[in-house]
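K.L.:
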Amino acid sequence: MNNTSRMVVVLLLVGAISGLVLALTFKWTEPMINEIAQSNQKKAILEVLPKAKSYKTMENNNQLFIGYDDNGNEVGLAFIAEGGGFQGDIRMMVGMDTTEEKLTGMTVLSHLETPGLGARIEEDWFKDQFNEKSIEDDFIAKQDVEAITGATISSNAVSNILKNSIPKALDAYRTRGGK
Amino acid sequence: MIELILLFVGTALVNNFVLVRFLGICPFLGVSKKVEVSAGMGAATTFVMTLSAIAAWFIQNYLLDPFGLSRFLQYVSFILVISSLVQLVEIVLKKVSPSLYDALGIFLPLITTNCAILGLALYIPIKDYNLIESSIFGLGAGVGFTLSLVIMAGIREELEFADVPEPLEGAGITLLIAGVLSMVFLGFSGLIAM
Amino acid sequence: MRMWKEFIKGLWKENAVFRQLMGMCPTLAVTNAAINGLAMGLATLFVLVCSSVIIAIVKNYIPDKVRIPSFIVVIATFVTIADLFMAAFFPDIQKVLGLFIPLIVVNCLILGRAEAFASNNPVKYALMDALGMGVGFTWALTLLGIIREVLGMGSIFGIEVMGVNFTPWIIFILPPGAFITLGILLGIFNAFSKKKTSEASCH
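Protein chains in written order, with our numbering: chain Y, 728 to 906; chain G, 3 to 196; chain F, 275 to 477.
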């Protein structure tokens, strides 16, 4: 075997072995990774819809979830809201009561805010102030809700994301055969 | 158009690859002694970064995503493409423009293991950029990298005349200066919500 | 006794972070908390040991010209395995380390050891060398993480240690704090040892 073909064979072999090993590892870990993602989502949805015991993902839209209580009655709508924060995108799960038109909770799924400052949007006192707020609220930081000291931009970002995403989610919910 | 300009400024200044995202620290510490050399390294890196961003976009959208390979072949394919790209640039440059090759050639082999390039490629699927945004992102990242490298080199040239405490000579004082520079760039944050 | 020598040198004498300034990106980026530094160190240790051993085994079958691409593929393979494994078993840490797990591929410590040591030494020495370098890298990252977490959040591994009256110096968990902490640490280590930290040995 001459040098060039040996090089090609070795490289192909290295690539093939690597691909095979990775495909096997992926096959082994994939169910666990998916399960973790599923259970995280479930936890977030049930957290923002305190009355719900189960939920269903809306058809045609995997960002919208309808919560049901034990008797199978609709108790609220949860949706994923995202938008720009201080340094990167903030993703939140928001829950609302569609009949009383108020928020029932929100929780932060992922963010890239500054640790110790903007990252405090994850803290309970901040998240809980959105509970029971009317969905028509403007959520203006320092006025309607308390802002985080030293992280006004992050606080404003959360308010803006909520204000922008609520009408959109409600629209999507109503046009797809909600009440 | 305005979004693209914002993306460019945001990538170059607000989320500066070196000083805020900690990508490409090795050349930042190693090659930042002379302004001229830094500018050359920056130019070569910017060039490869823009090309890598475009290449990463094509691979992600036409190879990895359609066949569902993204989760386990992304890293291997990106690093292979980057290293072949660097080789290709080296060969083409040598043929097409020997003078440019003389200026940038020595930096090219170092670029493969510059984590800013792989980092950039990995950001493209995360940020879900389209082709134009990807190339602007690559260009902005390169310009930001060059900027921090040249600023650092400018300071270090002056530093040769300064009386640095002996234990801090070399890497120590460079890191402390980088810390101050990083604070400066932190001042840009919040300028553009990304 | 050579086995022991190959292991011990990575801990201090040729420590990747404090003596050779290798793998600076993860060293600075993920050490804003002790647990992150430790996790990053262990992930790097895993990749370093696996790829060094594999490379030491197959080194004679790989033609010189395709040496580097083959090494990179081996390293990237183990990095992906580490990433998938962490996503399945330690999802929270995987999320925090984020982009810096795939970037282990271009950590010059790993390619550097593969090139300089594993590709021309027997398997058992390559293993000890990789273990030593990896442990050295891990303790360095954990130390940085501890210092930054204590000053920046008043805790170690998430346990409060500074009392309620302590005002955290948030700058230490922000990017500037990473540069400053490492700069001062290098100064302190240099002041107490005869040999100075080399200038960055990989670019």
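Idealized CB from N, CA, C, for every residue including glycine.
In this text, all values refer to a predicted model and were calculated from it rather than measured experimentally.
Which whole-angstrom value is the C-beta distance of residue 889 of chain Y and residue 771 of chain Y, which I expect to be below 8 Å?
P.N.:
Within the first sequence, residue 889 of chain Y is the residue found at index 162, counting from 1. Within the first sequence, residue 771 of chain Y is the residue found at index 44, counting from 1. About 15 Å separates the two Cβ atoms, so there is no contact after all.
K.L.:
Going by C-alpha to C-alpha distance, which of F:455, F:442 and F:392 sits closest to residue 280 of chain F?
P.N.:
Position 6 of the third sequence, counted from the start, is the residue given in the question as residue 280 of chain F. Per the Cα distances, F:392.
K.L.:
Taking only runs that begin and end inside the segment 824-866 of chain Y, name each unbroken alpha helix (DSSP H) of 4 or more residues, in chain order.
P.N.:
Those alpha helix (DSSP H) runs which fall completely within the segment 824-866 of chain Y and span 4+ residues are 851-855.
K.L.:
Looking at the secondary structure, which residues open and close the beta strand (DSSP E) in which residue 809 of chain Y lies?
P.N.:
For the purposes of this step, residue 809 of chain Y is taken as residue 82 along the first sequence, with counting starting at 1. From DSSP, the beta strand (DSSP E) with residue 809 of chain Y extends over 801-811.
K.L.:
State the start and end residues of the unbroken beta strand (DSSP E) segment that holds residue 877 of chain Y.
P.N.:
The count along the first sequence starts at 1 and reaches residue 877 of chain Y at position 150. Here residue 877 of chain Y belongs to no beta strand (DSSP E), and DSSP marks it neither H nor E.
K.L.:
For residue 305 of chain F, name the three-state secondary structure that DSSP assigns.
P.N.:
Along the third sequence, read from residue 1 onward, the residue named residue 305 of chain F stands at position 31. Looking at residue 305 of chain F - three-state DSSP - the assignment turns out to be coil, as it is neither helix nor strand.
K.L.:
Give me the residue from F:367, F:344, F:345 and F:375 with the minimum Cα distance to residue 355 of chain F.
P.N.:
For the purposes of this step, residue 355 of chain F is taken as residue 81 along the third sequence, with counting starting at 1. Among F:367, F:344, F:345 and F:375, the Cα nearest to that of residue 355 of chain F is on F:375.
K.L.:
Is it true that the CB of residue 112 of chain G sits closer than 8 Å to the CB of residue 377 of chain F?
P.N.:
Here the question's residue 377 of chain F lines up with position 103 in the third sequence. Here the question's residue 112 of chain G lines up with position 110 in the second sequence. In this structure, residue 112 of chain G does not lie closer than 8 Å to residue 377 of chain F by Cβ.
K.L.:
Buried or exposed: where does residue 852 of chain Y fall if 16 or more other Cβ atoms within 10 Å of its Cβ makes it buried?
P.N.:
Looking up residue 852 of chain Y in the first sequence gives position 125. Exposed.
K.L.:
For the beta strand (DSSP E) that residue 781 of chain Y lies in, which residues bound it at each end?
P.N.:
Walking along the first sequence from the start, residue 781 of chain Y turns up at place 54. Unbroken beta strand (DSSP E) run through residue 781 of chain Y: 781-784.
K.L.:
Using the beta-carbon of each residue, which ones in chain Y are nearer than 8 Å to residue 399 of chain F?
P.N.:
Reading the third sequence from its first residue, position 125 is the one you call residue 399 of chain F. What residue 399 of chain F touches in chain Y: nothing, since even the nearest Cβ is about 23 Å away.
K.L.:
With a cut-off of 8 Å, does the C-beta of residue 184 of chain G fall near any C-beta of chain F?
P.N.:
Walking along the second sequence from the start, residue 184 of chain G turns up at place 182. It does: the Cβ of residue 184 of chain G has a partner Cβ on chain F nearer than 8 Å.
K.L.:
Could you give the distance in angstroms between the alpha-carbon of residue 418 of chain F and the alpha-carbon of residue 153 of chain G?
P.N.:
To locate residue 418 of chain F, count along the third sequence from 1; it is residue 144. To locate residue 153 of chain G, count along the second sequence from 1; it is residue 151. Their Cα atoms are separated by approximately 26 Å.
K.L.:
Taking contact to mean 3 or more Cβ pairs, one atom from each stretch, closer than 8 Å, check whether the segment 728-743 of chain Y and the segment 765-784 of chain Y are in contact.
P.N.:
Not touching, per the Cβ criterion.
K.L.:
Taking the alpha-carbon of residue 330 of chain F as reference, which of F:320, F:446, F:371 and F:389 has the nearest alpha-carbon?
P.N.:
In the third sequence, counting from the first residue as 1, residue 330 of chain F sits at position 56. Among F:320, F:446, F:371 and F:389, the Cα nearest to that of residue 330 of chain F is on F:389.
K.L.:
With distances taken Cα to Cα, identify the nearest neighbour of residue 160 of chain G among G:46, G:37 and G:127.
P.N.:
Locating residue 160 of chain G in the second sequence gives position 158, counting from the first residue. The residue with the shortest Cα to Cα distance from residue 160 of chain G is G:37.
K.L.:
Near residue 21 of chain G, what residues of its chain come up, given a Cβ to Cβ distance below 6 Å and the 5 sequence neighbours on each side ignored?
P.N.:
Locating residue 21 of chain G in the second sequence gives position 19, where the first residue counts as 1. The answer, listed in chain order, is 150, 183, 184 and 187.
K.L.:
Give a yes or no on whether 8 Å exceeds the smallest Cβ distance from residue 738 of chain Y to chain F.
P.N.:
Counting from 1 along the first sequence, the entry for residue 738 of chain Y is found at position 11. So, interface residue.
K.L.:
Apart from the five residues on each side of it in sequence, which residues of its chain come closer than 6 Å, Cβ to Cβ, to residue 882 of chain Y?
P.N.:
Reading the first sequence from its first residue, position 155 is the one you call residue 882 of chain Y. Cβ neighbours of residue 882 of chain Y beyond the five flanking positions: 868, 874 and 875.
K.L.:
Please report the distance separating the alpha-carbon of residue 471 of chain F from that of residue 878 of chain Y.
P.N.:
Along the third sequence, read from residue 1 onward, the residue named residue 471 of chain F stands at position 197. Along the first sequence, read from residue 1 onward, the residue named residue 878 of chain Y stands at position 151. Cα-Cα distance, rounded: 38 Å.
K.L.:
Could you tell me if the beta carbon of residue 153 of chain G falls within a distance shorter than 7 Å of some heavy atom in the ligand SAH?
P.N.:
Although the ligand SAH was asked about, the structure shown includes no ligands whatsoever.
K.L.:
Looking at the unbroken alpha helix (DSSP H) that takes in residue 106 of chain G, where does it start and where does it end?
P.N.:
Counting from 1 along the second sequence, the entry for residue 106 of chain G is found at position 104. 100-106 is the span of the alpha helix (DSSP H), which, as asked, contains residue 106 of chain G.
K.L.:
If contacts are defined as beta-carbon pairs under 8 Å, then residue 456 of chain F and residue 177 of chain G qualify, I think. What distance do you get, rounded to the angstrom?
P.N.:
Position 182 of the third sequence, counting from 1, holds the residue named residue 456 of chain F. Position 175 of the second sequence, counting from 1, holds the residue named residue 177 of chain G. Confirmed, Cβ separation roughly 5 Å.
K.L.:
From the beta carbon of residue 818 of chain Y, is the nearest beta carbon of chain F less than 8 Å away?
P.N.:
Working through the first sequence from its first residue, we reach residue 818 of chain Y at position 91. No, its Cβ sits nowhere closer than 8 Å to a Cβ of chain F.
K.L.:
For chain F, find out if any of its Cβ atoms is closer than 8 Å to the Cβ of residue 753 of chain Y; answer yes or no.
P.N.:
Your numbering for residue 753 of chain Y matches position 26 in the first sequence. Closer than 8 Å to some Cβ of chain F, the Cβ of residue 753 of chain Y qualifies, so yes.
K.L.:
I think residue 107 of chain G touches residue 54 of chain G, with their Cβ atoms under 8 Å apart; what is that distance to the nearest whole Å?
P.N.:
Here residue 107 of chain G is taken as the residue at index 105 of the second sequence, counted from 1. Here residue 54 of chain G is taken as the residue at index 52 of the second sequence, counted from 1. About 18 Å separates the two Cβ atoms, so there is no contact after all.
K.L.:
Residues in the segment 72-84 of chain G with C-beta within 7 Å of chain Y's C-beta atoms, listed in sequence order?
P.N.:
Here the close residues are 73, 74, 75 and 78.
K.L.:
What are the partner residues of residue 718 of chain Y, as DSSP defines its beta bridges?
P.N.:
This structure leaves residue 718 of chain Y out entirely; chain Y is present only between 728 and 906.
K.L.:
Along chain F, in chain order, which residues have C-beta atoms closer than 8 Å to that of residue 170 of chain G?
P.N.:
Sequence index remark: in the second sequence, residue 170 of chain G carries index 168 (1-based). Chain F residues near residue 170 of chain G: 457, 460, 461 and 464.
K.L.:
To the nearest angstrom, how far is the alpha carbon of residue 870 of chain Y from that of residue 858 of chain Y?
P.N.:
Working through the first sequence from its first residue, we reach residue 870 of chain Y at position 143. Working through the first sequence from its first residue, we reach residue 858 of chain Y at position 131. Answer to the nearest angstrom: the Cα atoms are 16 Å apart.
K.L.:
Under 8 Å, Cβ to Cβ, is there at least one residue of chain Y near residue 17 of chain G?
P.N.:
Translated into positions along the second sequence, residue 17 of chain G becomes position 15. Yes, because at least one Cβ of chain Y sits closer than 8 Å to the Cβ of residue 17 of chain G.
K.L.:
Could you tell me whether the Cβ of residue 877 of chain Y comes closer than 8 Å to any Cβ of chain G?
P.N.:
Numbered from its first residue, the first sequence carries residue 877 of chain Y at position 150. Judged by the 8 Å Cβ criterion, residue 877 of chain Y is not in contact with chain G.
K.L.:
Report the three-state DSSP secondary structure of residue 76 of chain G (helix, strand or coil).
P.N.:
Here the question's residue 76 of chain G lines up with position 74 in the second sequence. The answer is helix: DSSP assigns residue 76 of chain G an H, G or I state.
K.L.:
Could you spell out the range, first to last residue, of the alpha helix (DSSP H) harbouring residue 64 of chain G?
P.N.:
Here the question's residue 64 of chain G lines up with position 62 in the second sequence. Here residue 64 of chain G belongs to no alpha helix (DSSP H), and DSSP marks it neither H nor E.
K.L.:
Looking only at its own chain, which residues have a Cβ that is under 8 Å from the Cβ of residue 906 of chain Y, when we skip the five neighbours before and after it?
P.N.:
Start at 1 with the first residue of the first sequence, and residue 906 of chain Y comes out as number 179. Confidence at residue 906 of chain Y is low in this model, with a pLDDT of 46, below 50, so its placement is unreliable and no value can be given for it.
K.L.:
Helix, strand or coil: which one does DSSP assign to residue 429 of chain F?
P.N.:
For the purposes of this step, residue 429 of chain F is taken as residue 155 along the third sequence, with counting starting at 1. Note: residue 429 of chain F maps to strand in three-state DSSP.
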